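J.: Below: one structure in structure tokens.
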Amino acid sequence: MLTHNIVDELADVADSALVQLVYVSSLTLSSRLRASIFDEVEAHARKYNEQHGITGILCYGNNHFLQCIEGKKSHILALQKRIFSDNRHKDIKVLLLQPIEQRIFLDWRMRLLFLERWLWSPATKEQAAQLAPYLPFAPHNWTPEHTEEFLKVIKTFETPPHVKAAGITFNALGNMFNHIAAPHQAFLIIQGFLAVLLCIGLYILNY
Numbered sequence: 473m474l475t476h477n478i479v480d481e482l483a484d485v486a487d488s489a490l491v492q493l494v495y496v497s498s499l500t501l502s503s504r505l506r507a508s509i510f511d512e513v514e515a516h517a518r519k520y521n522e523q524h525g526i527t528g529i530l531c532y533g534n535n536h537f538l539q540c541i542e543g544k545k546s547h548i549l550a551l552q553k554r555i556f557s558d559n560r561h562k563d564i565k566v567l568l569l570q571p572i573e574q575r576i577f578l579d580w581r582m583r584l585l586f587l588e589r590w591l592w593s594p595a596t597k598e599q600a601a602q603l604a605p606y607l608p609f610a611p612h613n614w615t616p617e618h619t620e621e622f623l624k625v626i627k628t629f630e631t632p633p634h635v636k637a638a639g640i641t642f643n644a645l646g647n648m649f650n651h652i653a654a655p656h657q658a659f660l661i662i663q664g665f666l667a668v669l670l671c672i673g674l675y676i677l678n679y
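Using the numbering used here, you'd call the opening residue of the sequence shown number 473 and step up by one each time.
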């Protein structure tokens, strides 16, 4: 579905009717290098959506966003224009656009999901086993049916997939290092000490 046809697709839908829009996009390179990008997006979405009665969920993984937004047609169209003109992401594609009888997502406490296994706590990994068919996260090629199944799965979560540490910044390299180093801290310290001894030994042998 072409993004510029959204208004035409909803031409026969009343402005006050409930509408669901699901789109995917990719972060630009400059956005990937900003650790604060997710905090900015989340804070802005919370404020705007609460003011305009919009609910939904935002998912991120593998440098891709998938967002489902639900609300009155007039509000969804206004938000869609803002989102699609945002230069922090690119390759925007609409996966679902349809009138709905009732909202799937009623509560923005589950508004941001990180679909990166190496960021999850053990409890999250156990709960999110149902996500296996959707990982690694590559939603641009999903069919409408696959997208709807994904939304049904994440709606059942008691708590959203989240990273282990509170207040962590979502810098990919930093998180990856933390993920690898934290569980093996003692091993890395020992290996580092042995490496230093090896260097000293080689130095003594050569001089």
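For glycine and all other residues, C-beta sits at the position ideal for the given N, C-alpha and C. Since the structure is predicted, the reported quantities are computational estimates derived from the model, not experimental observations.
Looking at the unbroken beta strand (DSSP E) that takes in T527, where does it start and where does it end?
T.: 527-533
J.: From the DSSP output, in three-state form, read off P608 for me.
T.: For P608, the secondary structure class from DSSP, reduced to helix, strand or coil, is coil.
J.: R554 to V491, Cα distance in whole Å?
T.: 17 Å
J.: Tell me which residue opens and which closes the alpha helix (DSSP H) that D511 is part of.
T.: 509-524 is the extent of the alpha helix (DSSP H) around D511.
J.: To the nearest angstrom, how far is it from the Cα of A610 to the Cα of N559?
T.: Put simply, the backbone Cα of A610 is about 20 Å away from that of N559.
J.: Expressed to the nearest angstrom, what Euclidean distance is found between the alpha-carbon atoms of S498 and W592?
T.: 21 Å
J.: How is the beta strand (DSSP E) around E542 delimited, first residue to last?
T.: Here the beta strand (DSSP E) through E542 covers 536-544.
J.: Can you list, in chain order, the residues of its chain whose CB lies under 7 Å from that of K562, leaving out five sequence neighbours each side?
T.: S497, S498, T500
J.: Could you give the C-beta distance for Y495 and L567, rounded to a whole number, given that I count them as a contact under 8 Å?
T.: Right, the Cβ-Cβ distance comes to about 6 Å (below 8 Å), so this counts as a contact.
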